[in-house]
Amino acid sequence: MDEQPGRSEGERSLIDEMRELGSSFSALGRTAFKGGRVLSVEVLRSIRAIVDRAREEIERIAEKK
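Residue 48 in this note's numbering sits at position 46 of the sequence shown, with consecutive numbering throughout.
Below you can see the structure in the form of structure tokens.
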């Protein structure tokens with residue numbers, strides 16, 4: 003795709019994964035907003051709780067390294 007000189011394969015993989023993560027968050031936002039008023043407050047709270055749990059899991063994994 004966009005080969006960047008001076009970057010190792012691991013660095014490129016990390017960058018690619020961060021881009022994919024950003025795309026996933028963007029898709030989540032589009033899906034939530036596309037639903038508009040169709041989504042209830044309870045559903046939005048549930049989605050937020052899932053995201054919060056994912057963040058906590060990432061922090062837990064990062065602490066182990």
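Positions of the beta carbon are idealized from the N, C-alpha and C atoms, including for glycine.
Predicted, not measured: the structure shown is a model, and the values here were computed from it.
Quick check: the Cα distance between residue i and residue j, rounded to an integer number of angstroms?
i     : j     : result
Ile17 : Phe27 : 15 Å
Leu23 : Glu65 : 20 Å
Met20 : Arg14 : 10 Å
Ile63 : Leu30 : 23 Å
Just confirm the distance between the C-beta atoms of residue i and residue j, as a whole number of angstroms; I'd bet it's less than 8 Å.
i     : j     : result
Ala34 : Ile49 : 7 Å
DSSP state of residue i, grouped into three classes?
i     : result
Ser28 : helix
Lys67 : coil
Arg9  : coil
Leu16 : helix
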